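Some notes on the structure that comes next.
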Amino acid sequence: MLFEILIAIILGCIAGIITGLIPGIHINLVSVLILSFSVSLLEITSPIIVSIFIISMAITHTFLDTIPAIFLGAPEADTALSILPGHKLLSEGRGYHAVILTLIGSLFSIILAIIFAPIIAIIINKIYPYLSKIMGHILIVTSIFLISKDSKSKYWAFIIFMLAGVLGIATLNFPNLENPLFPLLSGMFGTSGLIISLNQKVKIPAQIISELKIKKKTISQAVGASFVAGSLCSFMPGLGPSQAAIIGSQLTKKMEREGFLILIGGLNTINIIMSFIALYILDKARNGAIITVSKIMGSFSLSNLILFLGVALVVAGIATFLTINLTKIFSKIMTKVNYTKLCISIIILIFGLTIFLSGKYGLLILTVSTALGIVPPLIGVGRNHLMGCLLLPVILYFI
Amino acid sequence: MKDNTLLKISLCCTLLGILVILFIVENSEIPESNISNLTKDNLGTTVSVSGKITRITETPGLLILDLSDSTGKITAIIFKEGNMTLQKNQIVTIEGKLIEYEDKLEIQANILKIRKWT
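If you're matching them up, the sequences are chains A and V in order.
When the first sequence is numbered by my numbering, its final residue is 379 and no position is left out of the sequence of numbers.
When the second sequence is numbered by my numbering, its final residue is 120 and no position is left out of the sequence of numbers.
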């Protein structure tokens, strides 16, 4: 059994490297593909081993997905807010530091989440029945809070939120469109950023690989905010790491860009850990990877939870090593590659994947969501308002 | 291209694109299937079938209908909304997502049209 677990962890980490580094490939998509192959997989191994593979892949993915977000300007919905501070550091030749900051967030948050898992479980078990009754209203208040906190223009923030919401509703109701979230989110957060980079003829300066110097206070503030906001948002449908980041940044008086990157990194990973707790306590799967685990496992016991948290801790150690070394490689090769050709290749890859996964109507969704995704950065409002594409349908479901 | 031009083009594409998508969603019709033609290959897709209600089971939030046409039988589940006046032997058309429950195919109905009162 121990040997099988080790093999599942190693294979999961390898799969996580691939999904984490390829822009536009979200962990949810890979999990759905694994679910479709699960019958064949379960013939050769047990549900626990398949679940450990998925968990290892998901954790590794959340550590590594900031590399394409920062170096290629091609984030997913979960890492969208890392683009601005991350790209600023990249343009100063500190792309390596930007990724290491998100790594600090991921590593410390995972440790904190595992230590406090029993307390979180008790609190959520007590308050969730009350929260679930007013979930729609909580999400409305949260959406208003996020829009009102936009420093550039609240009106544009509202318009972007509503346009994304209408597009989300239409896409999710599109008849017989497979994997509707792939073109929707890839367009809003992937191809749109790449097109802006191409239009602005971004040039990446030589990157410095040196030891990161950061105050302990910045780390503790950012990790603390990440833990609180991440724990809250992980139990709310439609609220992802980007929304949690806005809430988390309000918890500390003034957060520097270094602290903000730690916060983003932490939230991205904490979401996975809290999803295990939500599955065990509430029997609700909050993201694609956990939905697949819950379907493969059938029932989810306390011993499963403890095993999976232990696996998460081991994988966090491996993923830290992988992230440091892969970022060094990225820092060295990024200045040598033709960035324009790289961006065009990634756009072609996302379009190809859309045709493969969602067909011709997926291309229509990808085109429209790309057009909408271009608008917020050019106006100067937050990209997080694009998450109205998931929030508005969820709000309408609850009220 | 200037950022301002790119912004204007993006906004136009967004508004026009959303209208086109909404038009497709509103006007797309799902071709009607015989019940026997529905297989596990269709799981997760939106299907449309017409048939006679052979049994109605009511729960606090759901109506569970047994439907039959000349080719077979299937169960459809409907979330209750307002007063629903469904009766046995009515001919109805149901449109919804094909799902699997306890190893049997079911339709999670979104739209129900009453074709014939009996």
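Ideal Cβ positions, reconstructed from N, Cα and C, are used throughout, including at glycine.
Model, not experiment: these values are computed from the prediction.
Please tell me whether residue i and residue j are closer than 8 angstroms, where the distance is taken between their beta carbons.
i: Ser274(A); j: Leu259(A); result: yes
i: Ile50(A); j: Gly73(A); result: no
i: Leu69(V); j: Ile58(V); result: no
i: Ile11(V); j: Leu147(A); result: no
i: Gly85(A); j: Ile244(A); result: yes
i: Thr272(A); j: Ile(-2)(A); result: no
i: Asn248(A); j: Pro217(A); result: no
i: Pro373(A); j: Ile114(A); result: no
i: Ile375(A); j: Leu119(A); result: yes
i: Val79(A); j: Thr46(A); result: yes
i: Leu52(A); j: Ile324(A); result: no
Please classify residue i as buried or exposed, where buried requires at least 16 neighbouring CB atoms within 10 angstroms.
i: Leu164(A); result: buried
i: Cys14(V); result: exposed
i: Ile270(A); result: buried
i: Pro98(A); result: exposed
i: Thr61(V); result: exposed
i: Leu22(A); result: exposed
i: Tyr341(A); result: buried
i: Thr7(V); result: exposed
i: Val361(A); result: buried
i: Met(-19)(A); result: exposed
i: Gly0(A); result: buried
i: Val121(A); result: exposed
i: Ser214(A); result: buried
i: Glu238(A); result: buried
i: Ser131(A); result: exposed
Please report how far the alpha carbon of residue i lies from the alpha carbon of residue j, in whole angstroms.
i: Ile32(V); j: Asn156(A); result: 9 angstroms
i: Pro48(A); j: Ser311(A); result: 11 angstroms
i: Ser36(A); j: Ser177(A); result: 32 angstroms
i: Ser349(A); j: Leu219(A); result: 19 angstroms
i: Ala38(A); j: Thr73(V); result: 45 angstroms
i: Leu344(A); j: Gly(-4)(A); result: 29 angstroms
i: Leu81(A); j: Lys308(A); result: 14 angstroms
i: His77(A); j: Ser283(A); result: 38 angstroms
i: Thr56(V); j: Met254(A); result: 45 angstroms
i: Asn364(A); j: Leu161(A); result: 16 angstroms
i: His117(A); j: Thr47(V); result: 31 angstroms
i: Leu337(A); j: Leu370(A); result: 20 angstroms
i: Ser112(A); j: Tyr319(A); result: 47 angstroms
i: Thr315(A); j: Pro185(A); result: 6 angstroms
i: Leu241(A); j: Gln89(V); result: 60 angstroms
i: Asn44(V); j: Ile37(V); result: 12 angstroms
i: Ile29(A); j: Leu83(A); result: 26 angstroms
i: Leu174(A); j: Thr87(V); result: 54 angstroms
i: Leu285(A); j: Ile261(A); result: 10 angstroms
i: Ile298(A); j: Ile32(A); result: 14 angstroms
i: Met142(A); j: Trp136(A); result: 10 angstroms
i: Leu44(A); j: Gln187(A); result: 18 angstroms
i: Phe331(A); j: Leu346(A); result: 8 angstroms
Cβ closer than 7 angstroms: which chain A residues qualify as neighbours of residue i?
i: Ile32(V); result: Pro155
i: Leu67(V); result: Within chain A, no residue comes near Leu67(V); the closest Cβ sits about 22 angstroms away, beyond 7 angstroms.
i: Thr137(V); result: This structure does not reach residue 137(V), given that chain V is present from 3 up to 120, and the question cannot be answered.
Here's a check: name, in chain order, each residue in its chain whose Cβ is nearer than 8 angstroms to the Cβ of residue i, leaving out the five neighbours to either side.
i: Phe207(A); result: Ser89, Leu92, Ala93, Phe96, Gly246, Ile250
i: Leu64(V); result: Ile79, Ile80, Phe81, Lys82
i: Leu293(A); result: Ile90, Ile91, Ile94
i: Pro27(A); result: Ile276, Met277, Gly278
i: Lys42(V); result: Glu102, Leu107
i: Gly210(A); result: Ser89, Ala93, Pro221, Ala224, Gly228, Gly246, Leu247, Ile250, Asn251, Met254
Run down chain A in chain order and give the residues with a C-beta less than 8 angstroms from the C-beta of residue i.
i: Ser52(V); result: Those do not exist, as Ser52(V) stays about 18 angstroms from chain A at its closest Cβ, beyond 8 angstroms.
i: Leu24(V); result: Val146, Ala150
i: Leu9(V); result: Ile354, Val355, Leu358, Ile359
Output, in chain order, the set of chain V residues within a Cβ distance shorter than 9 angstroms of residue i.
i: Leu344(A); result: Gly19, Val22, Ile23, Ile26
i: Leu161(A); result: Those do not exist, as Leu161(A) stays about 14 angstroms from chain V at its closest Cβ, beyond 9 angstroms.
Can you name the residues of chain V whose CB is closer than 8 angstroms to the CB of residue i?
i: Thr386(A); result: This structure cannot settle anything about residue 386(A), because the visible part of chain A is limited to -19 through 379.
i: Ile14(A); result: Those within 8 angstroms of Ile14(A) in chain V number zero; the least Cβ separation is about 16 angstroms.
i: Asn305(A); result: The contacting residues do not exist; Asn305(A) stays about 37 angstroms from chain V at best.
i: Leu241(A); result: Under the 8 angstroms cutoff, chain V gives no residues; its nearest Cβ is about 25 angstroms from Leu241(A).
i: Leu164(A); result: By Cβ distance, chain V contributes nothing, its closest Cβ being about 11 angstroms from Leu164(A), past 8 angstroms.
For residue i, collect the residues of the same chain with a Cβ closer than 7 angstroms to its Cβ; drop the 5 residues on either side in sequence, then sort them by chain order.
i: Ser128(A); result: Lys134
i: Ser172(A); result: Thr350, Gly353, Ile354
i: Leu114(V); result: Ile80, Val94, Ile96
Give every residue of the same chain whose Cβ lies closer than 6 angstroms to the Cβ of residue i, excluding the five residues on either side of it in the sequence, and list them in chain order.
i: Asn8(A); result: Gly268
i: Phe288(A); result: Ile35, Phe256
i: Ser16(A); result: none
Cβ closer than 9 angstroms: which chain A residues qualify as neighbours of residue i?
i: Ser35(V); result: Neighbours of Ser35(V) on chain A: none; closest Cβ ~12 angstroms, over 9 angstroms.
Starting from residue i, find everything on chain V with Cβ-Cβ shorter than 7 angstroms and list it in chain order.
i: Leu381(A); result: Examination of residue 381(A) is not possible in this model, given that chain A is present from -19 through 379 alone.
i: Ala351(A); result: Ser12, Cys15, Thr16, Gly19
When you compare the CB of residue i with every CB in chain B, is at least one pair closer than 8 angstroms?
i: Leu143(A); result: The structure shown contains no chain B; the protein chains it does contain are A and V.
Does the beta carbon of residue i fall short of 7 angstroms from some heavy atom of the ligand SAM?
i: Ala38(A); result: No copy of the ligand SAM occurs in the structure displayed, which carries no ligand at all.
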